[in-house]
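One structure is given here, and the rest of the page talks about it.
Chains as they are written, first to last, in my numbering: chain A, 12 to 286; chain B, 253 to 562.
See the structure below:
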């Protein structure tokens, strides 16, 4: 499974780069940092059926850092929710794959997100909905480290713990960078694990969130505590732009940037060569 | 009976009938009149604490799960404070959430300027798709509640908490998208929403004795406005006065102006004159802000005389 998941992650990473490079601009950094998580979720963890994306009782994933939409689309396409050729329509007027996730447009997208902080509360609402309906689903959600500066995140954190939403597994993409620079310099969110613990969450730290086996183990660990009365936060220490050297070296500037075709092609070639 | 008591009673009835209905508030269950429902429906009412933004987005998450959440707070906190959550989590995402704001405009009384929304209609009116509804009395509210629940998209209800004098009779038939003609007239169309509706009827009666014939129309749904009724009445009388417990910028007046933008008909505004609120009893505030029945009468007389060229 490990080798298989690694291969799938490579494919999703290549597709994400190609997808963004097709128009030549996009949120490349924060997409590439979460590829391993998306691979584990869509190919290992979640109970979903690509042929029935709206099936009742399915597990759900709400990408609160909605700008990682292109990476989610690449994962969905690889999982069979829609044809891969659709990926190349990203951000073109009239597309079903807009920059930020839109549940009204894209099969498999469980919630519209993009205004930071809100998707996380929506995920808490979905977890509450699952409890109310008794469908046994797990709600997965992903927030950014910069997004954690939003007050709404902590309103939702408090509520989820108070309501004992143990069917909620959240992830922080802790890549350390936001648009204007390092998170620690702009408005430090640390100590992040201690904060979530203080808010009543179970916390799992993953030292390398771009190492797929570590991510998979952490998700399984979180799933195993399904009925312990606490929501879970998995903090993924990741690299923004991971797997594309050019983007990694851009640093904070890789958040939303022009991506030249030749650089994208070279990155994809290298990734395939590694495989 | 207080409007909040009627609201809570209707909500309880709807909750009994429809298990999809869930209620969320932000530490104002008591103020909104719904505290008593918590014992009856402990598994479907959630107090989010003082965190309105979270409440709005949680409601959107619940709606995505097939529930019909109602969220409630005072009008400023149910609208301007959570404007982006209403715009994105609810409306842009197409989630069916009912938003109830209590204490609109000057009815916030002793809570004062901070709690006095003069702009809530204006804030929400520019968000695509949302319906904005303001009931005026018990009969209209009772008729509206099941309609609001069944309507499949987001609605904002601007709800005065206290008891209101009756405007409608027992034969009233409610249509969410049709304004209600309360009195026919030929000299002036008064389009009114909210707490001043009853006063406008009284004023129309008094002005009739002066030989001024006023048509009174309750625009209970400010968005989408019943353009047809507004146009027909305005074309008939040739003069319009809008009356609202809201800033004259962005609310009913603006909505009527938009509906009449292609017409050569004068439209006068009666309401809060682009200012913040202040603390006081309702009567004091009406005097201080020139919102008394006498003020309405004066405004209506002026608007009608302007039409007659007097």
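Glycine included, every Cβ here is placed at the ideal spot set by N, Cα and C.
Quick caveat: nothing in here was measured; it's all calculated off a predicted structure.
Checklist entry - Going along the chain, which unbroken runs of the beta strand (DSSP E) with 3 or more residues stay wholly within the stretch 57-129 of chain A? => result 71-74
Item to check | residue 489 (chain B) versus residue 388 (chain B) - alpha carbon distance | outcome: 24 Å
Item to check | Bridge partner(s) assigned by DSSP for residue 189 (chain A) | outcome: A:192
Item to check | Buried or exposed by the 16-neighbour rule on C-beta atoms within 10 Å, applied to residue 12 (chain A) | outcome: Low local confidence applies: a pLDDT of 46 at residue 12 (chain A) is under 50, so the model's placement there is unreliable, and no value is given.
Next on the checklist: Can you tell me whether residue 440 (chain B) is buried or exposed? The criterion is at least 16 other CB atoms within 10 Å of its CB, across all chains shown.
Outcome noted: buried
Checklist entry - What is the residue span of the alpha helix (DSSP H) that residue 212 (chain A) lies within? => result Here residue 212 (chain A) belongs to no alpha helix (DSSP H), and DSSP marks it neither H nor E.
Next on the checklist: Strictly below 8 Å CB to CB, what residues from chain A border residue 502 (chain B)?
Outcome noted: Correct list: empty, because the minimum Cβ distance to chain A is about 22 Å.
Checklist entry - If residue 108 (chain A) sits next to residue 33 (chain A), beta carbons under 8 Å apart, how far is it from one beta carbon to the other, in whole angstroms? => result Going by Cβ atoms, the distance from residue 108 (chain A) to residue 33 (chain A) rounds to 11 Å, so no, they are not a contact pair.
Checklist entry - Beta-carbon separation of residue 362 (chain B) and residue 531 (chain B) under 8 Å? => result yes
Checklist entry - Any idea which residues DSSP pairs residue 184 (chain A) with across the strands? => result A:155 and A:247
Checklist entry - Near residue 415 (chain B), which residues of its chain fall below 6 Å by C-beta distance, leaving aside the five closest residues on each side in sequence? => result 254
Item to check | Sequence-distant residues of the same chain with beta carbon closer than 8 Å to residue 99 (chain A), five excluded per side | outcome: 29, 30 and 33
Checklist entry - Below 8 Å between beta carbons: does that hold for residue 481 (chain B) and residue 401 (chain B)? => result no
Item to check | Sequence-distant residues of the same chain with beta carbon closer than 6 Å to residue 272 (chain A), five excluded per side | outcome: 32
Checklist entry - Can you name the residues that DSSP bridges to residue 409 (chain B)? => result B:352 and B:385
Next on the checklist: For a cutoff of 8 Å on Cβ pairs, would you count residue 12 (chain A) as touching chain B?
Outcome noted: Reliability of the predicted coordinates at residue 12 (chain A) is poor, the pLDDT of 46 falling under 50, and the value obtained from them is presented with this limitation in mind. With 8 Å as the cut-off, residue 12 (chain A) does not count as an interface residue toward chain B.
Next on the checklist: Given this structure, state the Cα-to-Cα distance separating residue 149 (chain A) from residue 52 (chain A), to the nearest angstrom.
Outcome noted: 11 Å
Checklist entry - To which residues does DSSP link residue 254 (chain B) through a beta bridge? => result B:415
Checklist entry - From this set, B:419, B:436, B:509 and B:373, which residue's C-alpha is nearest residue 357 (chain B)'s C-alpha? => result B:373
Next on the checklist: Whole angstroms are fine: how far does the CA of residue 266 (chain A) sit from the CA of residue 413 (chain B)?
Outcome noted: 48 Å
Checklist entry - How about residue 6 (chain A) and residue 23 (chain A): are their beta carbons less than 8 Å apart? => result With chain A running from 12 to 286 in the structure shown, residue 6 (chain A) is simply not present.
Checklist entry - How many whole angstroms separate the CB atoms of residue 230 (chain A) and residue 56 (chain A), which I take to be in contact at a CB cut-off of 8 Å? => result 5 Å
Checklist entry - So residue 275 (chain B) is in the alpha helix (DSSP H); what residue range does that whole segment cover? => result Per DSSP, residue 275 (chain B) belongs to no alpha helix (DSSP H); it is in the beta strand (DSSP E), 273-277.
Checklist entry - Any residues in the stretch 337-348 of chain B with a beta carbon nearer than 9 Å to a beta carbon of chain A? Which ones, in chain order? => result 337, 339, 340, 341, 344, 345, 346 and 347
Item to check | Host beta strand (DSSP E) of residue 321 (chain B) (start-end) | outcome: 320-326
Item to check | residue 369 (chain B) at chain A interface by Cβ criterion, 8 Å | outcome: no
Next on the checklist: Quick check: is the beta carbon of residue 277 (chain B) nearer than 8 Å to any beta carbon in chain A?
Outcome noted: no
Next on the checklist: In this structure, how does DSSP classify residue 268 (chain A) when only helix, strand and coil are distinguished?
Outcome noted: strand
Next on the checklist: Taking DSSP's pairing of strands, which residues face residue 432 (chain B) in a bridge?
Outcome noted: B:470
Next on the checklist: Please classify residue 417 (chain B) as buried or exposed, where buried requires at least 16 other C-beta atoms within 10 Å of its C-beta.
Outcome noted: exposed
Checklist entry - Using a C-beta cutoff of 8 Å, does residue 378 (chain B) count as contacting chain A? => result no
Item to check | Buried versus exposed, by CB contacts within 10 Å (16 or more), residue 209 (chain A) | outcome: exposed
Checklist entry - Can you list, in chain order, the stretches of the alpha helix (DSSP H) that have 4 or more residues and sit fully within the stretch 436-515 of chain B? => result 449-461, 479-489 and 504-511
Checklist entry - What are the boundary residues of the beta strand (DSSP E) that includes residue 520 (chain B)? => result 519-524
Checklist entry - What separation, rounded to the nearest whole angstrom, lies between the Cα atoms of residue 173 (chain A) and residue 242 (chain A)? => result 10 Å
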